[in-house]
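**Student:**
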Amino acid sequence: MPTKRKAPVSPKASPKANFKPSITAEFNDAAEKPVSAGEILAPNGRRVQLKGKRFVITSAQNNTEVHPGFLKALETYCKENDAQLLVSRFTYNKGAFDNKDGELWYDPKLKPYLFDEPAKITKDLVLCGELDVTPTATNPLSGFDNYCQGASGIIPHPKVAMKSLPGLGEDKARFLYTTGAVTERNYIQKKAGQKAEFHHNYGALLVEVDDKGQAFVRQLAADNTGAFQDLTDKYTADGKVLHNQPVEAVTLGDIHIEKRDPVQEEVAFGEGGLMETLKPKYLFLHDIMDFTARNHHNMKDPFFWAEQEKKGNTVEGGTELVGAFLKAHERKDRKDMIVESNHDEAFERWLSEADARFDPPNARFWHEASAEKLRQIEAGNMDFNVFEWAVRKKYDLPQVTFMRENQSFVICKDEESGQGIETALHGHSGPNGARGSPRGYTQMDMKANTGHTHSAGIIDGVYTAGVTGKLDMEYNKGPSSWSHSHIITYPNGKRAIVTVKDGKWKADDKKHAPAPPMKVPHQKYAA
């Protein structure tokens, strides 16, 4: 009777191990092999609890040298911010890298940081360090929607991605994140490998935990030198820290001013908020108006009309709220860019389709706006935007630009390639007349910052913000992936997404109180 051999310890079992199991043994019939192996517990039953308040998480590829500048910058960040660096491993092209001992290897510089276990960071966030997703995966988050058992999850992978997942109730959206990598590009020069090489990102995820145990996650994206910026601090490849660095832009989640969330407004514009802390050159605003008063989805609903009459909602009041909002938050050192969006365009649709004879609360304003539009047509002004006219009619807004739907506005443009980040796309109009979607925009030959879906995400260079207005807008029923998430864009074109929780946009932020009500002449209620 043959002797039973003990199964080898899984290479993922020890965070301090620096070698993968023998490739020769795996494929050599004469080599010793275990008789059996197995695990009783699923990954969620094996998760270890991490201790600490700040973690920097990235990934590494076998038989590949570390990016020295990026590792140095990460080590500096962790030292300066009392953070733990965790590096989870993945394997690729194993057959090409046999050494004399038949082992895969990982850069020894990473040995103190290797971590390949399933782990719980908070009750709502887990690190899936046990996963080994091939770096050539086109969609590395595919198939993991329910893998984390009701929590958000971090998956080690060199391609940066983020996905929102639905939950029931407000603030119940979950997220899947990938990490980026600390190792250099090292791919088979065939189609799959060459595509993966293009999407390979020197990056990491920063996880901060506040005193209530809430996790705040954002991306750390390095340039080719290994340097990266986090908020207003830059960490260089030679270990320096540069403070008070500029931020190119912030793209807030969709505004929907008639359904404003006063707490979220204060998070964005109040003391210690995004604008005061980051001082961006540009602020991009999507769906600034909800057009609640006469939305075309409810035009034939008499009960909706009665509700708007009771609340005192009018179309003119909605445009006044937009103007009051912009005026209250304008700054001379910042350009506020209004991205033409589907809810803004509903105003123009209302002018074309409504019968003002049967709408006394809005009849006068309908006639005034229609007359102005006709005057501009007669004058040959084809660039006229009636929504912009309505907003500017009562408010002087020198810092505000109303963008047009087919206009391009590229920031962070590279002088050599001409590539940059397109910011003029809201997200509702896709290529060739199709409906817009983040995946549809990946067909474009440049990166983009978009809105519209209210569900934060990253896919192939297309970043999507969430919503700044209320998470409950009355028409969104059932499970929701909406979140109060915003895009930060740095001058070198690298980006991060921050998500607000409990009135805070980062762990050491204060909990923001609601902004004061907004009152305008043609709106009975204070938004």
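The opening residue of the sequence shown carries number 835 in my numbering; numbering runs sequentially from there. Ideal Cβ positions, reconstructed from N, Cα and C, are used throughout, including at glycine.
1. Taking buried to mean at least 16 other C-beta atoms within 10 Å of its own C-beta, is GLU1308 buried or exposed?
2. Which stretch, first to last residue, makes up the beta strand (DSSP E) that contains ARG1008?
3. Verify whether the separation of the beta carbon atoms of ASN1078 and THR1066 is less than 8 Å.
4. Apply the 10 Å Cβ neighbour rule to ILE874 and answer buried if 16 or more other Cβ atoms are within range, or exposed otherwise.
5. Just verifying my parser: in three-state terms, what is the DSSP assignment at GLN1079?
6. Count the CB pairs spanning the segment 1206-1218 and the segment 1124-1139 that are closer than 8 Å, and state whether there are at least three.
7. DSSP on GLU1042, reduced to helix/strand/coil?
8. Along the chain, where does the beta strand (DSSP E) containing PRO1313 start, and where does it finish?
9. Please state whether DSSP places THR1284 in a helix, a strand or coil.
10. Among the candidates GLY1274, GLN1277, GLY1300 and ASP1279, whose CA atom is the shortest distance from the CA of GLY1285?
11. Considering SER986, what are the terminal residues of the beta strand (DSSP E) in which it resides?
12. Please determine, among ILE1122, ALA876 and PHE1199, the residue with the shortest C-alpha to C-alpha distance to CYS982.
13. Just the Cα atoms here: how many angstroms apart are VAL1376 and SER1242?
14. Please return the same chain residues whose Cβ sits closer than 7 Å to the Cβ of ASN1020, not counting the five positions on each side in sequence.
15. Hey, how far is the Cα of PRO902 from the Cα of GLY1060?
16. Check whether the Cβ of ALA1190 lies closer than 8 Å to any Cβ atom in chain C.
17. Please list, in chain order, all residues of the same chain as HIS1356 whose beta carbon is under 7 Å from its beta carbon, the five residues on each side excluded.
18. How big is the Cα-Cα spacing for PRO1348 and HIS1318?
19. With a 10 Å radius around its C-beta and 16 neighbouring C-beta atoms as the bar for buried, classify GLU860 as buried or exposed.
20. For THR972, is the classification buried or exposed, using 16 other Cβ atoms within 10 angstroms of its Cβ as the cut-off for buried?
21. So, are the CB atoms of LEU1119 and ASP1170 less than 8 Å apart?
22. With three or more C-beta pairs closer than 8 Å as the rule, is the segment 1011-1020 touching the segment 977-997?
23. By the three-class DSSP mapping on this structure, what secondary structure does VAL1101 have?
24. Helix, strand or coil, according to DSSP, for ALA1127 in the structure here?
25. Just checking my contact of GLU1164 with LEU1231 at CB under 8 Å: how many whole Å lie between their CB atoms?
26. Note the first and the last residue of the continuous beta strand (DSSP E) segment covering ILE1211.
27. Please state if the CB of VAL1332 and the CB of MET1237 are separated by a distance shorter than 8 Å.
28. By DSSP's criteria, VAL960 is part of a beta bridge. Which residues make up the other side?
29. Classify ARG1168 as helix, strand or coil using the three-state DSSP reduction.
30. Round the Cβ separation of ALA1038 and ILE891 to the nearest angstrom and send it over; I've been treating them as touching at under 8 Å.
31. Is the segment 943-955 in contact with the segment 1096-1108, if contact means three or more CB pairs nearer than 8 Å?
32. Counting along the chain, where does the beta strand (DSSP E) carrying GLN1063 start and finish?
33. Output the boundary residues of the alpha helix (DSSP H) element that contains LEU1160.
34. What is the DSSP secondary structure of LYS993, reduced to helix, strand or coil?
35. Within the continuous alpha helix (DSSP H) that includes LEU1112, where are the two ends?
36. Count the other C-beta atoms from every protein chain shown that fall within 10 angstroms of the C-beta of VAL1354, then say buried if there are 16 or more, exposed otherwise.
**Tutor:** Result, derived from the coordinates:
1. Along the sequence shown, read from residue 1 onward, the residue named residue 1308 stands at position 474. Exposed.
2. On the sequence shown, position 174 is the one that residue 1008 refers to. Note, ARG1008: beta strand (DSSP E), 1008-1012.
3. As a first step, residue 1078 must be located in the sequence shown, where it is residue number 244. As a first step, residue 1066 must be located in the sequence shown, where it is residue number 232. It is a contact, given that the beta carbons lie within the stated cut-off.
4. Taking the sequence shown and counting its residues from 1, the one referred to as residue 874 is at position 40. ILE874 comes out exposed.
5. Numbered from its first residue, the sequence shown carries residue 1079 at position 245. Note: GLN1079 maps to coil in three-state DSSP.
6. no
7. As a first step, residue 1042 is located in the sequence shown; it is residue number 208 there, counting from the start. Residue state, collapsed to three classes: strand.
8. On the sequence shown, position 479 is the one that residue 1313 refers to. Where PRO1313 is concerned, there is no enclosing beta strand (DSSP E), given that its DSSP letter is neither H nor E.
9. To locate residue 1284, count along the sequence shown from 1; it is residue 450. Note: THR1284 maps to strand in three-state DSSP.
10. Here residue 1285 refers to the residue found at position 451 when the sequence shown is read from its first residue. Comparing Cα positions, the closest option is GLY1300.
11. Position 152 of the sequence shown, counting from 1, holds the residue named residue 986. Counting along the chain, the beta strand (DSSP E) containing SER986 begins and ends at 986-989.
12. The residue labelled residue 982 in the question sits at position 148 within the sequence shown. Here the closest residue by C-alpha is ALA876.
13. A question about residue 1376 goes unanswered here, because the residues of the chain that appear run from 835 up to 1361.
14. One-based indexing of the sequence shown puts residue 1020 at position 186. Correct list, in chain order: GLN895 and THR898.
15. Residue 902 sits at position 68 when you count from the first residue of the sequence shown. Residue 1060 sits at position 226 when you count from the first residue of the sequence shown. Roughly 8 Å between the two C-alpha positions.
16. The displayed structure is made up of one protein chain only, and chain C is not part of it.
17. Counting from 1 along the sequence shown, the entry for residue 1356 is found at position 522. So the qualifying residues of the chain are THR1148, GLU1150, GLY1151 and GLU1154.
18. Sequence index remark: in the sequence shown, residue 1348 carries index 514 (1-based). Sequence index remark: in the sequence shown, residue 1318 carries index 484 (1-based). Cα to Cα, the separation comes out at about 15 Å.
19. Counted from its first residue, the sequence shown places residue 860 at position 26. In this predicted model, GLU860 has a pLDDT of only 37, less than 50, meaning its place in the structure is not dependable enough to derive any value.
20. In the sequence shown, the residue the question calls residue 972 occupies position 138. It counts as exposed.
21. Position 285 of the sequence shown, counting from 1, holds the residue named residue 1119. Position 336 of the sequence shown, counting from 1, holds the residue named residue 1170. Taking 8 Å as the Cβ cut-off, LEU1119 and ASP1170 qualify as a contacting pair.
22. yes
23. The residue labelled residue 1101 in the question sits at position 267 within the sequence shown. VAL1101: helix per DSSP, three-state reduction.
24. For the purposes of this step, residue 1127 is taken as residue 293 along the sequence shown, with counting starting at 1. ALA1127: coil per DSSP, three-state reduction.
25. Taking the first residue of the sequence shown as 1, we reach residue 1164 at position 330. Taking the first residue of the sequence shown as 1, we reach residue 1231 at position 397. With a contact defined as Cβ atoms closer than 8 Å, GLU1164 and LEU1231 qualify at about 7 Å.
26. As a working note, residue 1211 is residue 377 in the sequence shown. First-last for ILE1211: 1194-1212, but that is the alpha helix (DSSP H), not the beta strand (DSSP E).
27. Locating residue 1237 in the sequence shown gives position 403, where the first residue counts as 1. Locating residue 1332 in the sequence shown gives position 498, where the first residue counts as 1. Contact: no.
28. In the sequence shown, the residue the question calls residue 960 occupies position 126. According to DSSP, which records beta bridges pairwise, VAL960 is partnered with LYS954 and GLY987.
29. Here residue 1168 refers to the residue found at position 334 of the sequence shown. Three-state DSSP puts ARG1168 in coil, outside helix and strand.
30. The residue you call residue 1038 lines up with position 204 of the sequence shown. The residue you call residue 891 lines up with position 57 of the sequence shown. The pair is a contact, with the Cβ atoms about 6 Å apart (cut-off 8 Å).
31. no
32. For the purposes of this step, residue 1063 is taken as the residue at position 229 of the sequence shown. Note, GLN1063: beta strand (DSSP E), 1062-1064.
33. Sequence index remark: in the sequence shown, residue 1160 carries index 326 (1-based). Taken as a continuous stretch (DSSP letters only), the alpha helix (DSSP H) holding LEU1160 covers 1149-1163.
34. For the purposes of this step, residue 993 is taken as the residue at position 159 of the sequence shown. Strand, per DSSP.
35. Taking the sequence shown and counting its residues from 1, the one referred to as residue 1112 is at position 278. Residues 1108-1112.
36. By one-based count along the sequence shown, residue 1354 stands at place 520. Classification for VAL1354: buried.
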